[in-house]
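Chains A and B supply the protein sequences, listed in that same order. Quick note on my numbering: the first sequence kicks off at 1 and runs consecutively. Quick note on my numbering: the second sequence kicks off at 288 and runs consecutively. All remarks here apply to the structure that follows.
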Amino acid sequence: MINRAWIFLTPAIIVMSLCALLPLIIIINYSVQDSFAGDHFYWVGLRWFEEISRSPEFWEAVLRTLIFSVIVIPLQFIIGIFVARKLFMKHQNPSFFIVLFSVPMLTPWLVVGFVWRLMMDPIYGPLSNAIQQAGITPDLNEVGWAWLTIIIMDIWHWTGLIIVLTFAGYLSISKSHFQAARIDGASPWSTFRYVEIPKLRKVLIIALLLRFMDCFMIYIEPFMITRGGPNVATSFLSLELIQTASIQFDLGKAGAISVFYLLVMITICWFLFRAMDLNSQPARSKT
Amino acid sequence: MKYWATKKWSLTVIIYSFFTIFPIYWLFVLGLQPNFLNSTGLSLWPSTVSFQNFSVSFLNDEWVQGYLNATAYVFLNVILTLVVAVPAAFAFSRYKFLGNRNLFFWLLVCRMIPPAVVMVPMVQIAAIFNLVDTYLAVAIAHCLFNVPIAIWILEGFISSIPKETDEMARVDGYSTFGFWRTILVPQILPGLGVTAFFCFMFSWVELTLANALTTVDAKPIGVILKMVASPLGGVHIGIAAATSILTLIPGIVVAWLARNHIARGFSMGQVK
């Protein structure tokens, strides 16, 4: 007899084939062909991959995306865990703050970029004005200031995710662990290090997974602030891709970049997924 | 919930709240002032309060239509996602089948496909089915990231219902449909609410695909905002700010309704 699970899965499989599988097949198809006059295609094998592997613009975009992730994610984790811990320890009624910290995530992404570009406006931007008090005039046409703005913006936009997730993790820690730690006379730091962090491990890995995925996709917000500039200093991988695909209309090259992009993300996410240890959960019983 | 509480609230939380709310507050102030570009220098307090910029949006058919368009495809997407994801989540939670864990991982892979990657093929697929510039095209495109998340969240909720419930229902003579309607769905109602909230949120904030798949009739509000507030073009900041504030309202309302379950949803149902 056919496994009934497949009947339940059919609608999801149909929808996902339409919106994920089919586009991916099209992309892979493009990545090995060259188009000529829009509708003549011929096979080029791996030539696009060779071309992007030799293209310094491409590797610089990859590098910028990586550097951005490496700067932003640890900052978000430090601030996020710290705030979530305080929220859990000190506040009786945290619902209000949970909603408040979710607001940046509910903001349409291009509005996020719009707000932070205005915040840095040299005449009436509050952030810019605050910096001018120190005697320096920030200028979005300088690489450093453009990066700083985008980093602050991303911290504003996504630290809430870490706070909300870590807070959920804290709620699931049994109260007796804290009591035991207190009876043993553990300092707050050692309670944090040896009781809370191990208990939060899974939720922090989920947070890392989500943050990593979104950091690699970042596109609209920096585009709204700097248009990828000055020159190409803030043009991340997604922007590079969109420009190749829809402005230069170079579908083969865009396809090759997409395939590369996905392979990197799948590899890293696979390790994180394994680290979540979902496979070895005894509680997850199956018929 | 207090362990080492010495004071009633934490300064850290208050400072971070201020950081979170300040840009939005300031945007609101900008929206309240007409002809902002004429004024010079920083102002954190509206000198003249007027709702003129907000009413510009409400009186303009194009803006209102943009709002309705966004709402239409978001709702269509939420319904589509739930209908598809609930049975799938049930399958992942209750059955062992060939490659179930791998399939669960590959769903996550779908969640991390950047919209930029699938933008061009999606427009082509929509063109084949003659769906360009319709709500349905955007709703289906947004399933790319919403269906995987919905399945993950719902799987967590369904797995927290003991399996014995299913068996007892079978012994009591419930049909599959009757079991779903009277036992399973009422039990995962909070889960359905959280999932709907997340699908709403991701569909509402995503505009790359929505922009690429629509031309005139189904344009969402955010895309119109992008036209007004384009990075280098001439911008009426007051109106753009007022419209930005308006795009925040649906999300905040839904977040407030789901406030007690948000945390669990963000962990994709994996924290019990």
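Cβ atoms here follow ideal geometry from the backbone N, Cα and C, with glycine treated the same way. This one's a predicted model, so the numbers in the text were calculated from it and none came from an experiment.
Expressed to the nearest angstrom, what Euclidean distance is found between the alpha-carbon atoms of residue 440 of chain B and residue 549 of chain B? Going from the Cα of residue 440 of chain B to the Cα of residue 549 of chain B covers about 11 Å.
If we count Cβ pairs, one from each stretch, closer than 8 Å, do we get three or more for the region 374-384 of chain B versus the region 7-27 of chain A? Segments in contact, yes.
Once DSSP output is grouped into helix, strand and coil, what is the label at residue 41 of chain A? For residue 41 of chain A, the three-state secondary structure derived from DSSP is strand.
Near-chain A residues of the region 346-368 of chain B - C-beta to any C-beta below 8 Å: For chain A, the residues of the region 346-368 of chain B that bring a beta carbon within less than 8 Å of one of its beta carbons are 367, in chain order.
For residue 219 of chain A, count the other beta carbons within 10 Å of its own beta carbon; 16 or more makes it buried, fewer makes it exposed. Which is it? Under this definition residue 219 of chain A is a buried residue.
Can you pull the chain B neighbours of residue 119 of chain A, defined as C-beta to C-beta under 7 Å? Here the neighbours are 310.
When Cβ atoms are compared, which residues of the region 74-92 of chain A fall closer than 8 Å to chain B? Considering only beta carbons, the part of the region 74-92 of chain A lying closer than 8 Å to chain B consists of 79, 82, 83, 86, 87, 88, 89, 90, 91, 92, in chain order.
Return no unless some Cβ of chain A is closer than 7 Å to the Cβ of residue 292 of chain B. For residue 292 of chain B, the pLDDT reaches just 48, beneath the cut-off of 50, and the residue's location in the model is therefore unreliable, although a value from the coordinates is still provided. Taking 7 Å as the threshold, the shortest C-beta distance from residue 292 of chain B to chain A falls below it.
Give the single residue among A:170, A:189, A:226 whose Cα lies nearest to the Cα of residue 203 of chain A. Ranking A:170, A:189, A:226 by CA distance to the CA of residue 203 of chain A puts A:170 first.
Sorted by chain position, which residues of the same chain lie with C-beta nearer than 6 Å to residue 69 of chain A's C-beta, five sequence neighbours on each side aside? Contacts found: 215.
Below 7 Å CB to CB, which residues in the same chain sit around residue 147 of chain A once its five sequence neighbours on both sides are set aside? So the list reads 234, once near-sequence residues are dropped.
Simplified DSSP assignment, three categories, for residue 348 of chain B: Helix.
On the DSSP letters alone, give me the boundaries of the alpha helix (DSSP H) that residue 448 of chain B sits inside. In the DSSP assignment, residue 448 of chain B falls outside any alpha helix (DSSP H) and carries neither an H nor an E.
Taking the Cβ atom as the reference point for each residue, do residue 245 of chain A and residue 48 of chain A lie within a distance shorter than 7 Å? Note that the C-beta distance between residue 245 of chain A and residue 48 of chain A is not below 7 Å.
Short CB-CB distance (under 7 Å) between residue 546 of chain B and chain A: Yes, its Cβ sits closer than 7 Å to a Cβ of chain A.
The region 435-454 of chain B contacting the region 479-489 of chain B, beta-carbon criterion three pairs below 8 Å: Yes, since at least three Cβ pairs between the region 435-454 of chain B and the region 479-489 of chain B fall closer than 8 Å, the two stretches touch.
Counting Cβ pairs, one atom from each stretch, are 3 or more of them under 8 Å apart for the region 88-96 of chain A and the region 146-164 of chain A? Contact fails: fewer than three Cβ-Cβ distances are below 8 Å.
Determine which residues of the region 1-24 of chain A have a Cβ less than 9 Å from any Cβ of chain B, and write them out in chain order. Shown in chain order are the members of the region 1-24 of chain A whose Cβ falls below 9 Å from a Cβ of chain B: 3, 4, 5, 6, 7, 8, 9, 10, 11, 12, 13, 14, 15, 16, 18, 19, 20, 21, 22, 23, 24.
Over what stretch of residues does the alpha helix (DSSP H) that includes residue 255 of chain A continue unbroken? In the DSSP assignment, residue 255 of chain A falls within the unbroken alpha helix (DSSP H) covering 251-275.
Under 7 Å, Cβ to Cβ, is there at least one residue of chain B near residue 70 of chain A? Chain B, which has no Cβ nearer than 7 Å to the Cβ of residue 70 of chain A, makes this no.
Can you tell me whether residue 401 of chain B is buried or exposed? The criterion is at least 16 other CB atoms within 10 Å of its CB, across all chains shown. The residue in question, residue 401 of chain B, is buried, as its Cβ has 16 or more Cβ neighbours within 10 Å.
Tell me the start and end of each unbroken alpha helix (DSSP H) in the region 39-94 of chain A that is at least 4 residues and wholly inside, in chain order. Listed in chain order, they are 47-54, 56-90.
Counterpart residues of residue 320 of chain B in DSSP-defined beta bridges: Note: residue 320 of chain B sits in no beta bridge, so no partner.
Neighbour flag for residue 170 of chain A against chain B, beta carbons, 7 Å: Taking Cβ atoms only, chain B never reaches closer than 7 Å to residue 170 of chain A, which makes this a no.
Quick one, which residues of the region 429-458 of chain B are near chain A if we go by CB-CB under 7 Å, in chain order? Residues 430, 431, 434, 438, 446, 450.
Along the chain, which unbroken stretches of the alpha helix (DSSP H) at least 4 residues long are found entirely within the region 466-492 of chain B? Annotation note: the region 466-492 of chain B contains the following uninterrupted alpha helix (DSSP H) runs of length 4 or greater, listed N- to C-terminal: 476-492.
Going by CA-CA distance only, name the one from B:429, B:421, B:394, B:420 that's closest to residue 442 of chain B. Residue nearest to residue 442 of chain B within the set B:429, B:421, B:394, B:420 is B:394 (criterion: CA-CA distance).
Pull up the distance between the alpha-carbon of residue 272 of chain A and that of residue 391 of chain B, whole angstroms please. Near 14 Å, if we compare the C-alpha coordinates of residue 391 of chain B and residue 272 of chain A.
Taking only three categories from DSSP, how would you classify residue 159 of chain A? Shown here, residue 159 of chain A sits in a helix according to DSSP, grouped into three states.
Keeping to the same chain, check which residues put their C-beta closer than 8 Å to that of residue 206 of chain A; ignore five residues upstream and five downstream. Excluding residues within five positions, the ones whose Cβ falls inside 8 Å are 165, 276.
At a Cβ threshold of 7 Å, is residue 410 of chain B touching chain A? Any Cβ of chain A closer than 7 Å to the Cβ of residue 410 of chain B would place that residue at the interface, and such an atom is absent.
Given that residue 524 of chain B touches chain A, what residues does it touch there, using C-beta distances under 8 Å? The contacting residues are 118.
For residue 312 of chain B and residue 225 of chain A, I'd like the C-alpha separation in whole angstroms. Using only the alpha carbons, I get a separation of about 19 Å.
Just checking: is the beta-carbon of residue 153 of chain A within a distance shorter than 7 Å of some beta-carbon in chain B? Taking Cβ atoms only, chain B never reaches closer than 7 Å to residue 153 of chain A, which makes this a no.
Does any residue of chain B bring its CB to less than 7 Å from the CB of residue 235 of chain A? Using beta-carbon distances, residue 235 of chain A does not count as an interface residue toward chain B, since no partner is under 7 Å.
Under 7 Å, Cβ to Cβ, is there at least one residue of chain B near residue 271 of chain A? No - not a single Cβ of chain B is within 7 Å of the one on residue 271 of chain A.
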